[in-house]
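Visitor: Below are the C-alpha cells for one structure; questions will follow.
Numbering (the numbering used here), first residue to last: 170 to 254.
The structure is reproduced here in C-alpha cells:
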C-alpha cells in the first residue's frame, strides 16, 4: 500500500451509532466506494479514531475519522491491479 496521509472529504451515512463511508473527494476527484472491507476503532486519550478499509472500482483505500477533530484522513491506498497480485 502507498502512504498518503492527506485530508479528504467523505460523504458518510450514520445509522444507529455506526459510520458508513459512501464516497470521498480527493485530488479533485470523487471516488465512490462499493464495499466496506474492514472497520475498527481505537482510542487515543479522549479521541476515538475510526478506521475503514474501503474498496472502489480501481483501488483499496484506508481512511480514518477522528471524533475530536471531525476530520477524515486518507492514510493509504492500493491500486486494484497491484492488490490482485
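No residue lacks a Cβ here, since even glycine has one placed at the ideal position from N, Cα and C.
Of the residues 172, 179, 210, which one's Cα is nearest the Cα of residue 198?
Guide: Residue 198 has its Cα closest to that of 179, out of 172, 179, 210.
Visitor: Tell me, to the nearest whole angstrom, how far the beta carbon of residue 177 is from that of residue 243; I am working on the premise that it is less than 8 Å.
Guide: Contact holds; Cβ gap of about 5 Å.
Visitor: Decide if residue 246 is buried, meaning its Cβ has at least 16 other Cβ atoms within 10 Å, or exposed.
Guide: Result: buried.
Visitor: With DSSP as the reference, identify every bridge partner of residue 204, one or two as the case may be.
Guide: Paired residues: 224.
Visitor: Pick out whichever of 241, 248, 182 has its Cα sitting closest to the Cα of residue 175.
Guide: With distances taken between Cα atoms, residue 175 lies closest to 241.
Visitor: Going by Cα to Cα distance, which pick from 238, 195, 222 is closest to residue 170?
Guide: When each option's Cα is compared against that of residue 170, the closest is 222.
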